[in-house]
């Protein structure tokens with residue numbers, strides 16, 4: 001269970017990795033979203049539990065608030081941290097080594113795009129919305145949310161891949177596809193025949 005003290009320590013200082021007392025070689029994977037059923041925070045917790053049983057060098061961070069936060073936080077393992085959403089805590093996104101989403105469905109999710117703009121690779125549930133963002137092996141990977149706990153190696157493979165990923169290519173994948181000019185062109189091609 002994540003104690004209130006642990007969250008307070010994280011909120012008082014500026015460097016997330018330092019606050020977690022993780023070595024530079026440790027891996028921080030996180031999410032920034034509402035803690036609601038659509039975002040499937042229980043799957044996030046289950047992945048963190050499974051990973052913690054295998055490896056102690058991975059920390060899971062969820063930045064956000066919502067109706068399920070207290071319940072999910074009470075069942076979290078020692079490698080899992082839930083932070084309230086604030087401007088300061090949202091700045092921690094740039095310190096993630098990887099971004100994970102466990103959402104059951106999406107429109108066009110904003111937080112993964114923010115992560116990609118920072119050059120952070122993404123591991124996203126294979127659902128509508130996410131599939132429009134991920135360029136496999138360029139900026140991230142999709143995973144089957146029904147199989148991730150059985151095949152936790154997908155997480156470890158993503159972590160290994162992300163450590164050597166090209167941060168500039170990740171950033172470019174977002175600016176190329178989701179720039180205002182490109183979005184206008186795509187919308188125009190759909191509606192202006």
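Numbering (the UniProt record's numbering), first residue to last: 1 to 193. Using N, Cα and C, we set each Cβ at its ideal position, and we do this for glycine too. Values in this document were obtained by computation on a predicted structure and should not be read as measured data.
The stretch 24-31 makes contact with the stretch 53-69; the number of CB pairs closer than 8 Å reaches 3 or more. Rounded to the nearest whole angstrom, the CA to CA distance from residue 23 to residue 122 is 22 Å.
Separation of residue 94 and residue 15 (C-alpha to C-alpha, rounded to the nearest whole angstrom) is 11 Å. Annotation for residue 143: 123, 125, 126, 154 place their beta carbon closer than 7 Å to its own, counting only its chain and skipping 5 residues before and after.
If one requires a minimum length of 3 residues, the beta strand (DSSP E) runs lying completely within the UniProt domain "Glycosyl transferase family 1" (13-148) are 27-32, 58-63, 80-83, 98-101, 122-125, 140-143, in chain order. Residue 168 sits exposed, since fewer than 16 C-beta atoms from the chains shown fall within 10 Å of its C-beta. Short of 7 Å from the beta carbon of residue 52, and not among the five residues preceding or following it, lie these beta carbons of its own chain, in chain order: 77, 78, 79.
Excluding five sequence positions before and after residue 96, the CB atoms of its chain that fall closer than 6 Å to its own CB belong to 28, 30, 120, given in chain order.
The beta carbon of residue 140 is closer than 7 Å to those of 121, 122, 123, 124, 134 in its chain, skipping five residues each way along the sequence. Closest option to residue 33, judged by alpha-carbon separation, among 98, 88, 103: 103.
Per DSSP, reduced to three states, the secondary structure at residue 187 is helical.
In this structure, the straight-line span from the alpha carbon of residue 48 to that of residue 166 is close to 26 Å. Under a 10 Å Cβ-count criterion, residue 108 is classified as exposed, with fewer than 16 other Cβ atoms of the shown protein chains found around its own Cβ. A distance of 8 Å or more separates the beta carbons of residue 178 and residue 98.
The Cβ atoms of residue 54 and residue 152 lie closer than 8 Å to each other.
Taking the CA atoms as reference points, residue 36 sits about 30 Å from residue 163.
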